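Protein chains: 2
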Amino acid sequence: MLQSPLIESLIEAFRVLPGVGPKSAQRMAYHLLQRNKSGGAKLASVLSDAIEKIGHCSLCRTLTEEPTCHICASERRAIGELCIVESPSDVQVIEQSGIFAGQYFVLMGHLSPIDGIGPQQIGLDLLELRLQQGDIKELIVAMNASVESEATAHYIQQLAAQNSVVVSRLAQGIPMGGELEYLDSGTLSQAFLARKQLID
Amino acid sequence: MLQSPLIESLIEAFRVLPGVGPKSAQRMAYHLLQRNKSGGAKLASVLSDAIEKIGHCSLCRTLTEEPTCHICASERRAIGELCIVESPSDVQVIEQSGIFAGQYFVLMGHLSPIDGIGPQQIGLDLLELRLQQGDIKELIVAMNASVESEATAHYIQQLAAQNSVVVSRLAQGIPMGGELEYLDSGTLSQAFLARKQLID
Numbered sequence: 001m002l003q004s005p006l007i008e009s010l011i012e013a014f015r016v017l018p019g020v021g022p023k024s025a026q027r028m029a030y031h032l033l034q035r036n037k038s039g040g041a042k043l044a045s046v047l048s049d050a051i052e053k054i055g056h057c058s059l060c061r062t063l064t065e066e067p068t069c070h071i072c073a074s075e076r077r078a079i080g081e082l083c084i085v086e087s088p089s090d091v092q093v094i095e096q097s098g099i100f101a102g103q104y105f106v107l108m109g110h111l112s113p114i115d116g117i118g119p120q121q122i123g124l125d126l127l128e129l130r131l132q133q134g135d136i137k138e139l140i141v142a143m144n145a146s147v148e149s150e151a152t153a154h155y156i157q158q159l160a161a162q163n164s165v166v167v168s169r170l171a172q173g174i175p176m177g178g179e180l181e182y183l184d185s186g187t188l189s190q191a192f193l194a195r196k197q198l199i200d
Numbered sequence: 001m002l003q004s005p006l007i008e009s010l011i012e013a014f015r016v017l018p019g020v021g022p023k024s025a026q027r028m029a030y031h032l033l034q035r036n037k038s039g040g041a042k043l044a045s046v047l048s049d050a051i052e053k054i055g056h057c058s059l060c061r062t063l064t065e066e067p068t069c070h071i072c073a074s075e076r077r078a079i080g081e082l083c084i085v086e087s088p089s090d091v092q093v094i095e096q097s098g099i100f101a102g103q104y105f106v107l108m109g110h111l112s113p114i115d116g117i118g119p120q121q122i123g124l125d126l127l128e129l130r131l132q133q134g135d136i137k138e139l140i141v142a143m144n145a146s147v148e149s150e151a152t153a154h155y156i157q158q159l160a161a162q163n164s165v166v167v168s169r170l171a172q173g174i175p176m177g178g179e180l181e182y183l184d185s186g187t188l189s190q191a192f193l194a195r196k197q198l199i200d
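One line per chain: the protein sequences are A and B, in this order. Per the UniProt record's numbering, residue 1 is the first one in the first sequence, and the count goes up by one each step. Per the UniProt record's numbering, residue 1 is the first one in the second sequence, and the count goes up by one each step.
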């Protein structure tokens, strides 16, 4: 035993954080104990509070401490457009852009039969019910580019077709400020295939 | 407001950790809420426990939840050698090497008059009392290489001289596996000045 059991437990506990190995965990533990006890106490209490109170929005499944999240509860959002994303942080980044004024549906993951994650686990039964209600005019699928995400997007597309709802996907191409020289060939191919004619 | 107030507070609270900016804090918050609630609850409870119970060892000033740390309390450590370090993590790294079997004295910082950190704030009054007791035969100063640390080491050296205790410092030179080509000139100069004659 190189140090006190309680400090050992604290270092071990910090390793649940993503990207935190033994060295960073030790640094975090010592930093709080030596230099910021009040910040550490605050973190402990907010974290315990959040773990206890935060659940899923009953409409869009995102994380919230209310029964319904503030976006679903807002009367200022267009109800005809539903944007499908994989995680609450995707909602964040789209909200930051300010480009979208409709509502979201958060899968909290993607289909992954190998891990036992089927349509129900990512709330696609809930999504189907919502499509059947007839308010949604367009589904905007804003998924990541992995194979599993593509498969999930395909499944959602079929779901929408069965309920006669228009489906669209975010455009793929060259990112703003991107340099051709450093672009991967997949993105470049997409950009060629989806090229637009310029009109004078 | 882009997300729930409780999630905002949690992200803000994670920013007390060293090296954690807004993006990492958000990633940590979402990770625990989405994927590891039990790990998060454990972290909250251990952290709150540690903040409340961990204080300083009455002999060496390191962090511990006991009145005296396990190294100071151990009967297997030589009491004639006292190693002076700046922080508990320095104790860790020396213990891991297994090279030292004496006791430690942890300054929890270094002299820094500009920040109001004088000899008392880093426990040098406590160290002086200990030197006066006469058990200590050698002080091994294992400080960092910054200007403030050098000044602190110099102060400790005078303290030891007043109490007729031998002082030594860790050797400076080429680190194991170090390549000359990549060595800074300060280290190289030290290695030249402290060179040892080889004996056949």
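Backbone N, C-alpha and C fix where the C-beta goes; we use that ideal spot for every residue, glycine too. This structure is a prediction, so every number in the text was calculated from the model and none was measured.
Take the alpha-carbon of Glu150/A and the one of Ser168/A: they are about 13 Å apart. Judged by DSSP secondary structure, Ser97/B falls outside any beta strand (DSSP E) and instead within the alpha helix (DSSP H) spanning Pro88 to Ser97. With respect to the 8 Å criterion, Gly102/B and Leu82/B are classified as neighbours on the basis of their beta carbons. Ser74/B is classed as exposed because its beta carbon has fewer than 16 other beta carbons within 10 Å across all chains shown. Comparing alpha-carbon positions, the option among Gln3/A, Leu129/A and Gln133/A lying closest to Ile71/B turns out to be Gln3/A.
With fewer than 16 other CB atoms across the displayed protein chains lying within 10 angstroms of its CB, Thr68/A is exposed. Cβ contact annotation for Ala171/B (same chain, cutoff 8 Å, sequence separation greater than five): Ala194, in chain order. Residue contact with chain A for Cys69/B: present (Cβ-Cβ distance below 8 Å to some residue of chain A). Residues of chain B with a Cβ closer than 7 Å to the Cβ of Phe14/A are, in chain order, Leu43. Leu6/B and Ala29/B have their C-alpha atoms roughly 10 Å apart.
If you check the CB distance, Leu32/A and Val16/B come in under 8 Å.
Per the DSSP secondary-structure output, Arg169/A pairs in a beta bridge with Val141/A.
Contacts between His110/B and chain A, judged by CB atoms closer than 8 Å, are missing: the closest CB pair is about 13 Å apart. Chain B places a beta carbon closer than 8 Å to that of Ala50/A, counting this residue as a contact. For Ser74/A, the three-state secondary structure derived from DSSP is coil. For Gln34/B, the enclosing alpha helix (DSSP H) has its first and last residue at Pro22 to Arg35. Under the DSSP assignment, Gln157/B falls outside any beta strand (DSSP E), being part of the alpha helix (DSSP H) whose first and last residues are Val147 to Gln162. Looking at the backbone, the Cα of Pro22/B and that of Ile199/B are separated by about 59 Å.
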